[in-house]
Amino acid sequence: MLGVERRQQIMQKLTRERKVYVSELAKLFQVTEETIRRDLEKLEAQDLLRRSYGGAIIAEHTNEEVPYIRRTNINNESKNIIASKAQSLIHDGDTIMVDSSTTCELLLQRLKDQHRRLTVITNSVQLMAAYAGSSSSFTMICTGGTIRPNSYALTGAMTTDCLHRYYVDYALISCKGLDLEKGLMESNDSESRIKQLMMQQAKQSILLADHTKFGRTAFVRCGAISDLSCIVTDLMPSQDWQTYLDEHNIKLIV
């Protein structure tokens, strides 16, 4: 098993159980305890967990907002896998709404490198700065609004008024957590409302979410899982998730 696969499975176990132990993980994966400690160090460096005596605990509170700059360094392996898998869903001439997530930024970079001709509506100051230049094949539309310093996301009445004016092919969003009963979850109400509205204004809604988001709750609900058309992730979720997605005709790309 590759190190990245082992770390993904460690995070799955940690998401379920909230705490893991070095000795148990070493036996489970048939590696040395020192190897597990190095895995936990790498995951802690990505802000995914906090090491404790003999093991590790899950890192985040439900309403904690991780600044954008820090998020660009969290779980990058998984985000790049997701961006690679999602790029084939978007085609020349498509119109898309994109939130302020770092995973969506990685996807847009791939689409730009392929010179896709797209109309992109976004509330992300970061994405506008990166892709509004003459070297981009994108037509960029900024929603306007009040900026949230932690996420560089625009929110508020101006943002929602703009989004209400457009109907697009795809909404590309991420989230903080996914729960079978509670749905899509976010850490703050204002950005949750923007994601909800993007899904409402799109023919199809595509969620980009790594394996650590499954089974996780956060502060505020931003939509039902059944609102989604497709989920792109980096690791196969549990059988319960697979059954639910199949029953609700939600495409799963892994």
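All the letters of the sequence shown, read from the start, carry residue numbers 21 to 274 under the working numbering.
Think of the CB as a built atom: it goes at the ideal place given N, C-alpha and C, for glycine as much as any other residue.
It should be emphasised that the depicted structure is a prediction, and the values quoted were computed from it without experimental measurement.
Check	Outcome
From what residue to what residue does the alpha helix (DSSP H) around Cys182 run?	Ala177 to His184
Please confirm whether Thr180 and Arg213 have their CB atoms less than 8 Å apart.	yes
Out of Arg26, Ile161 and Glu37, which has the shortest C-alpha to C-alpha gap to Thr55?	Arg26
Beta-carbon within less than 7 Å of Arg36's beta-carbon, same chain only, minus the 5 sequence neighbours each way: which residues are those?	Gly235
Quick check on the burial criterion: 16 or more other C-beta atoms within 10 angstroms. Buried or exposed for Met117?	buried
By DSSP, does Val252 sit in helix, in strand, or in coil?	strand
Just tell me which of Gln29, Glu44, Ser72 and Leu147 has its CA closest to the CA of Leu255.	Gln29
Taking 8 Å as the cut-off, decide whether the C-beta atoms of Met218 and Val240 are in contact.	no
Helix, strand or coil: how does DSSP classify Gly243 here?	strand
How would you write the range of the alpha helix (DSSP H) that Ala76 sits in, first residue to last?	That residue, Ala76, is in no alpha helix (DSSP H); its beta strand (DSSP E) goes Gly75 to Ile78.
Taking the Cβ atom as the reference point for each residue, do Thr139 and Thr163 lie within a distance shorter than 8 Å?	no
Could you tell me if the beta carbon of Thr35 falls within a distance shorter than 7 Å of some heavy atom in the ligand SAM?	As presented, the structure is devoid of all ligands, the ligand SAM included, so that no description of it is given.
Could you have a look at Gln336 and say whether DSSP puts it in helix, strand or coil?	The requested residue 336 does not occur in the structure, where the chain is confined to residues 21 to 274.
Is Thr82 helix, strand or coil when you go by DSSP?	With a pLDDT of 44 at Thr82, under the threshold of 50, the modelled position of that residue is not reliable, and the figure given next carries that caveat. Three-state DSSP puts Thr82 in coil, outside helix and strand.
Count the other C-beta atoms from every protein chain shown that fall within 10 angstroms of the C-beta of Pro257, then say buried if there are 16 or more, exposed otherwise.	buried
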